[in-house]
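> Sharing a structure below in structure tokens format, with a few things to ask.
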């Protein structure tokens, strides 16, 4: 019996024209192991392990890959690993946050935004990035109202260097404002945290895209004994019509296969 896949369950990401798998592969663990909020330590996969993980994700019907400059070496590793496969992947990256020597810093200026995109294009070995999100430091409204990053991303979209842009924020007000002018918001939404549900509601009503981060609470989700936390998490997520895709950051092939099988089952049930 073949395992369930997501190949026939791709859906539109708002009105971007992008079709994405309901699960996306997060790649922070390909690039850094410092300052990450996971319950257990892990070892960064070597190139062969990373290549096998990407091949498995693709075979399971995942076409969305999530990276960022703040994910250490993630982008520069993905470039060579995905050579010859550009048409197979929807690539999401970010701007605004840098991670150097174990410390994060933020820069939302026009100059840094352009520099960051040009560097990401080079690292990822591509002519365009499908979607770029602003990596917020939590001051969402300040970034959107007083910084140049969003206007710069709009210009880069017109120039064809990115296909869509949006915001990975931490507040409802920021998420909604970002969707008024942008294409997509990335929100935290899981069994433990649902404060940003209003952003998903807004997106569903206005034809905008939603990606969910921390869908499994970074591995911290807790439930009653006997309940499958993955199944319960995906029931919550995919019951909301506004959710296009949830990013899962596993580097464990068995976890990835289980996540995909569970998501496929849940979506077909709903």
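Residue numbers (our numbering): 115 to 384. Here a beta-carbon is modelled for each residue, glycine too, at the ideal position from N, C-alpha and C.
Give a yes or no on whether the C-beta atoms belonging to residue 188 and residue 229 are separated by under 8 Å.
Position 74 of the chain shown, counted from the first residue, corresponds to residue 188. Position 115 of the chain shown, counted from the first residue, corresponds to residue 229. Between residue 188 and residue 229, the C-beta gap is not smaller than 8 Å, which leaves the two residues out of contact.
> Suppose you measure from the CA of residue 329 to the CA of residue 250; what does that come to, to the nearest Å?
Taking the first residue of the chain shown as 1, we reach residue 329 at position 215. Taking the first residue of the chain shown as 1, we reach residue 250 at position 136. If I take the Cα positions, the gap works out to 18 Å.
> Hey, how far is the Cα of residue 210 from the Cα of residue 150?
Position 96 of the chain shown, counted from the first residue, corresponds to residue 210. Position 36 of the chain shown, counted from the first residue, corresponds to residue 150. About 18 Å.
> Does the contact criterion of 3 or more C-beta pairs under 8 Å hold for the segment 359 to 375 versus the segment 133 to 143?
yes
> Going by CA-CA distance only, name the one from 271, 139 and 296 that's closest to residue 182.
Start at 1 with the first residue of the chain shown, and residue 182 comes out as number 68. It is 139.
> Between the segment 341 to 349 and the segment 312 to 321, can you find at least three pairs of beta-carbon atoms closer than 8 Å?
no
> Between residue 179 and residue 157, what straight-line distance do the alpha-carbon atoms span, to the nearest angstrom?
Taking the first residue of the chain shown as position 1, residue 179 is located at position 65. Taking the first residue of the chain shown as position 1, residue 157 is located at position 43. Residue 179 and residue 157: Cα-Cα distance of roughly 20 Å.
> According to the Cβ coordinates, are residue 285 and residue 260 closer than 8 Å?
As a first step, residue 285 must be located in the chain shown, where it is residue number 171. As a first step, residue 260 must be located in the chain shown, where it is residue number 146. Annotated as distal: residue 285 and residue 260, with beta-carbon spacing of 8 Å or more.
> With which residues is residue 207 paired in a DSSP beta bridge?
Taking the first residue of the chain shown as 1, we reach residue 207 at position 93. Answer is 246, bridged to residue 207.
> Distance check for residue 241 and residue 154, CA to CA, integer angstroms please.
One-based indexing of the chain shown puts residue 154 at position 40. One-based indexing of the chain shown puts residue 241 at position 127. Roughly 37 Å between the two C-alpha positions.
> On the DSSP bridge assignment, give the partners of residue 279 in chain order.
Residue 279 sits at position 165 when you count from the first residue of the chain shown. Answer is 246, bridged to residue 279.
> Roughly how many angstroms lie between the CA atoms of residue 232 and residue 185, to the nearest whole one?
The sequence position of residue 232 within the chain shown is 118, counting from 1. The sequence position of residue 185 within the chain shown is 71, counting from 1. The alpha-carbon atoms of residue 232 and residue 185 are separated by roughly 17 Å.
> Just checking my contact of residue 196 with residue 168 at CB under 8 Å: how many whole Å lie between their CB atoms?
Position 82 of the chain shown, counting from 1, holds the residue named residue 196. Position 54 of the chain shown, counting from 1, holds the residue named residue 168. Residue 168 and residue 196 do touch by the CB rule: their CB atoms are close to 7 Å apart, below 8 Å.
> Please classify residue 166 as buried or exposed, where buried requires at least 16 neighbouring CB atoms within 10 angstroms.
By 1-based counting over the chain shown, the position of residue 166 is 52. That one is exposed.
> Taking contact to mean at least 3 C-beta pairs separated by less than 8 Å, is the segment 255 to 275 in contact with the segment 214 to 228?
Yes: at least three Cβ pairs fall under 8 Å.
> CA-CA distance, residue 299 and residue 126?
As a working note, residue 299 is residue 185 in the chain shown. As a working note, residue 126 is residue 12 in the chain shown. If I take the Cα positions, the gap works out to 14 Å.
> Out of curiosity, what's the CA-to-CA distance linking residue 383 and residue 293?
As a first step, residue 383 is located in the chain shown; it is residue number 269 there, counting from the start. As a first step, residue 293 is located in the chain shown; it is residue number 179 there, counting from the start. If I take the Cα positions, the gap works out to 29 Å.
> Per DSSP, residue 392 forms a beta bridge with which residues?
Here the chain has residues from 115 to 384 only, and residue 392 is not among them.
> Any beta carbon of chain C sitting closer than 8 Å to that of residue 169?
In summary, chain C is missing from the structure at hand, where a single protein chain is found.
> Please name the residue, chosen from 174, 163 and 287, that lies closest to residue 116 on a Cα-to-Cα basis.
On the chain shown, residue 116 is found 2 positions in, with the first residue counted as 1. That would be 174, whose Cα lies nearest to the Cα of residue 116.
> Where does residue 215 land, buried or exposed, given buried means 16+ other C-beta within 10 angstroms?
Position 101 of the chain shown, counting from 1, holds the residue named residue 215. The residue in question, residue 215, is exposed, as its Cβ has fewer than 16 Cβ neighbours within 10 Å.
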